[in-house]
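Undergrad: In the UniProt record's numbering, the protein residues as written are 1 to 277.
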Amino acid sequence: MSEPVLYIVATPIGNLADLSERAREVLAGVDYIAAEDTRHSGRLLAHFNIKGQMISVHDHNERQRCEHIINLLSSGHSIALVSDAGTPLISDPGFHLVRAVREAGYRVSPVPGCCAFIAALSASGLPSDRFQFIGFLPSKSGARSQALEVLSDNAETLVFYESTHRILDSLKAMREVFGAGRYAVVARELTKTFETIHGDSLAGLIDWMEADANQQRGEFVVLVQGAEKSQDEDAIDPESERILRILAQELPPKKAAGVAAEITGYKKNRLYQLLID
1 MSEPVLYIVA TPIGNLADLS ERAREVLAGV DYIAAEDTRH SGRLLAHFNI
51 KGQMISVHDH NERQRCEHII NLLSSGHSIA LVSDAGTPLI SDPGFHLVRA
101 VREAGYRVSP VPGCCAFIAA LSASGLPSDR FQFIGFLPSK SGARSQALEV
151 LSDNAETLVF YESTHRILDS LKAMREVFGA GRYAVVAREL TKTFETIHGD
201 SLAGLIDWME ADANQQRGEF VVLVQGAEKS QDEDAIDPES ERILRILAQE
251 LPPKKAAGVA AEITGYKKNR LYQLLID
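Following this line, the structure appears as structure tokens:
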């Protein structure tokens, strides 16, 4: 830890045993620890008997802290950035600081570990080859519904964070936009005593949660199965096919497909495949 580096240190999301050996070494070895909530992180450090000088870096002061932290780095100090839980910057502060430190020419080094949405995705049983992490939805109902509308046709797994106070409202908004039958998984209190991972249709999840108030408490990851592709989604409308055939009489197939794509808006590869077929 003798050189000026900003370490991005992942911390446990519940079970303290998940703090890696490397993370402990870094936290014990740096000159300063920049924390989202110094009191919360102080308890974590005390558990591992780590004594470090702490700096608060949260949503309301992050931009102001950048200059101070860069000055510390310029003086040769090493610094670790931690959030309240999980990996910093993932729905947590740190983006502005990391960008400023990199632009100032100092090294930023990740110390990987826990991340709630990755943990939930790995245990959800939903497709994980393609997914979109959304994070927290807007708190106001209108904006929340609009955000979900944009995502309604996405084919990849959708991943959200949600709080105790809004979990039911968010699930009900998803039911309205995605449909009552869309399959989803709620992962609650991951790695903690009352960890719960429950999958059902959105309608079924809402019924399950309303029937047991305990399931409405804690920190949530909500994973929603992507929209199913309709069988005729790739069908070319008759007028576009007519244009393609006319062009194909005068041009090579690839050229005809390219021109037809510009005219019709269909993808060139899809039109080319139609000609080949």
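Where is the CB? At the ideal position from N, CA and C, for every residue including glycine.
Once DSSP output is grouped into helix, strand and coil, what is the label at leucine 73?
TA: As a first step, residue 73 must be located in the sequence shown, where it is residue number 73. Three-state DSSP puts leucine 73 in a helix.
Undergrad: Considering aspartate 207, what are the terminal residues of the alpha helix (DSSP H) in which it resides?
TA: Looking up residue 207 in the sequence shown gives position 207. Per DSSP, aspartate 207 belongs to the alpha helix (DSSP H) from 202-210.
Undergrad: Please name the residue in Ala203, Arg188, Thr11 and Leu168 whose C-alpha comes closest to that of alanine 123.
TA: Position 123 of the sequence shown, counting from 1, holds the residue named residue 123. Measuring from the Cα of alanine 123, the nearest candidate turns out to be Arg188.
Undergrad: Run the CB neighbour count on glutamate 3, radius 10 Å, all protein chains shown included, and call it buried at 16 or more, exposed below.
TA: By one-based count along the sequence shown, residue 3 stands at place 3. It is exposed - the Cβ of glutamate 3 has fewer than 16 other Cβ atoms within 10 Å.
Undergrad: Just to check, is the beta-carbon of alanine 260 closer than 6 Å to a non-hydrogen atom of the ligand GDP?
TA: Of ligands this structure carries none, so the ligand GDP is not represented either.
Undergrad: Measure the C-alpha to C-alpha separation of alanine 28 and alanine 17 and round it to an integer number of angstroms.
TA: Working through the sequence shown from its first residue, we reach residue 28 at position 28. Working through the sequence shown from its first residue, we reach residue 17 at position 17. Those two C-alpha atoms are separated by around 16 Å.
Undergrad: With respect to the alpha helix (DSSP H) encompassing residue 278, which residues constitute its N-terminal and C-terminal limits?
TA: The structure shown does not extend to residue 278, since the chain is modelled only from 1 through 277, so no value can be given for it.
Undergrad: Considering only their Cβ atoms, is the gap separating arginine 22 from valine 108 smaller than 7 Å?
TA: The count along the sequence shown starts at 1 and reaches residue 108 at position 108. The count along the sequence shown starts at 1 and reaches residue 22 at position 22. Going by C-beta atoms, valine 108 is not nearer than 7 Å to arginine 22.
Undergrad: Please go through the same chain and pick out, in chain order, the residues whose beta-carbon is closer than 7 Å to the beta-carbon of alanine 227, but skip the five residues on each side of it.
TA: Taking the first residue of the sequence shown as position 1, residue 227 is located at position 227. Only Ser152, Asp153, Asn154 and Ala155 meet the Cβ criterion.
Undergrad: Start and end of the beta strand (DSSP E) containing glycine 142?
TA: Working through the sequence shown from its first residue, we reach residue 142 at position 142. No beta strand (DSSP E) holds glycine 142; the alpha helix (DSSP H) holding it covers 141-151.
Undergrad: Straight-line CA distance for phenylalanine 131 to glutamate 250?
TA: Sequence index remark: in the sequence shown, residue 131 carries index 131 (1-based). Sequence index remark: in the sequence shown, residue 250 carries index 250 (1-based). Distance between the alpha carbons of phenylalanine 131 and glutamate 250: 42 Å.
Undergrad: Apart from the five residues on each side of it in sequence, which residues of its chain come closer than 6 Å, Cβ to Cβ, to alanine 35?
TA: By 1-based counting over the sequence shown, the position of residue 35 is 35. Correct list, in chain order: Ser41, Met54 and Val82.
Undergrad: Pairs of beta-carbons, one from the stretch 44-61 and one from the stretch 91-99, closer than 8 Å: are there three or more?
TA: Yes: at least three Cβ pairs fall under 8 Å.
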